[in-house]
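Engineer: One structure coming up, written as structure tokens, with questions to follow.
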Amino acid sequence: MSLFVLPYPIIDPVLIQIGPIAIRWYALAYLAGLVLGWFYIANLLKSNPLWARTPGGAPLDKEALDDLLFWVTLGVIIGGRIGFELFYRSIYYPNQYLQDPLIAFKIWRGGMSFHGGLIGVMAVLYFFCRSRGISMLRVGDLVAAAVPIGIFFGRVANFINGELYGKPSDVPWAMVFPSPAAGDIPRHPSQLYEAALEGLVLFFVLRLLITRFRAFDRPGLVTGVFLAGYGLARAFVEIFRDSDAYLFSQDSGLTMGMALSIPMWIVAFLLIRHALKAPSPPSASPAGGRQA
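Residues in the sequence shown are numbered from 68 upward in steps of one, following my numbering.
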């Protein structure tokens, strides 16, 4: 065991408790991710150079963006909850349903799945864009550009809650987490690995693609890179994460998080190929117009 174990910064998961009402860091993380994501998309929409070569300009106006925030919030919450129940609890903890058949509706007990939330957001985006006659790929690129913001705050909240910790380790930055299930053993702070890779690194990669390589000119490219990047980051961190959600056995090393990333890579490949095969948009003239 390493002699240089970092102390775990114990933070109460409940920020404010007023009688039976508790405001938790986890809920605030979701709120921060959604609100800051909305601000970020709004700034992208205001950046005229990003849409100079796009027919019709930006795909959303302010009013449509406000509506989109509402529907994305529903997609994240409903999809995340259903995904957790479907991908995790129903498979690995079936006895909980036998003990409490209504456990799936007790959202205050927690349990969210990123992959379920992703499916929920894709579903609401389809109906949102279809009802307004706008391109789902273009709107999806905007949403994908902002998603790492929410992932970052969500993983930090996982760290504050002392959940989803890593495997035992003797690395100098290992921590002893307060959960009884974790034991008095130094472990990888895998939540912070995910916050860094799925959140910060992925955000700046997408930002670079958008601002330097004009990725919005090729609908679907930002979404494809996001799906590929998240899948790679998630599969990598699962190596260090102490998961009981193995598909076969712990010896197999294949976790549910890894397995659910495989369809993401397939969709990412199709989106990126479609985006790169599409005709290049016309270059903007110095005066801001379009050249034939």
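Where a beta carbon is used, it is the ideal one built from N, C-alpha and C, also for glycine.
1) Mapping the DSSP letters down to three states, classify Thr-121 as helix, strand or coil.
2) Whose C-alpha, out of Gly-124, Ser-236, Leu-231 and Pro-239, is nearest the C-alpha of Glu-305?
3) Would you please state the rounded distance, in angstroms, between the beta carbons of Gly-100 and Phe-271? I believe it to be under 8 Å.
4) Tell me whether Pro-235 sits in a helix, a strand or coil according to DSSP, three-state version.
5) Please state the DSSP three-state secondary structure of Arg-281.
6) From Asp-79 to Ile-88, what distance separates their C-alpha atoms?
7) The beta strand (DSSP E) spanning Leu-82 covers which residue range?
8) Measure the alpha-carbon distance for Leu-204 versus Arg-254 and round it to whole angstroms.
9) Leu-276 and Val-289 - do their beta-carbons sit closer together than 8 Å?
10) Going by DSSP, which residues form a beta bridge with Tyr-313?
11) Among Leu-103, Leu-327, Ile-83 and Leu-117, whose alpha-carbon lies nearest the alpha-carbon of Ala-300?
12) Just to confirm the assignment, what range does the alpha helix (DSSP H) spanning Ala-89 have?
13) According to the neighbour-count rule (16 or more other Cβ atoms, all chains shown, within 10 Å of its Cβ), is Ser-319 buried or exposed?
14) Would DSSP call Met-179 helix, strand or coil?
15) What did DSSP end up calling Pro-253 once you bin it into helix, strand or coil?
16) Taking DSSP as the reference, what is the three-state secondary structure of Leu-127?
17) Quick one: any contact between the stretch 124-137 and the stretch 240-248, if contact means 3 or more CB pairs under 8 Å?
18) Give the secondary structure of Leu-275 by DSSP, where H, G and I count as helix, E and B as strand, and everything else as coil.
19) Please classify Gly-287 as buried or exposed, where buried requires at least 16 neighbouring CB atoms within 10 angstroms.
Structural biologist: On the basis of the coordinates in this document:
1) coil
2) Leu-231
3) No, Gly-100 and Phe-271 are not in contact; Cβ-Cβ is about 16 Å, not under 8 Å.
4) strand
5) coil
6) 15 Å
7) 81-85
8) 40 Å
9) yes
10) Thr-322
11) Leu-327
12) Taken as a continuous stretch (DSSP letters only), Ala-89 belongs to no alpha helix (DSSP H), being part of the beta strand (DSSP E) at 88-91.
13) exposed
14) coil
15) strand
16) coil
17) no
18) helix
19) buried
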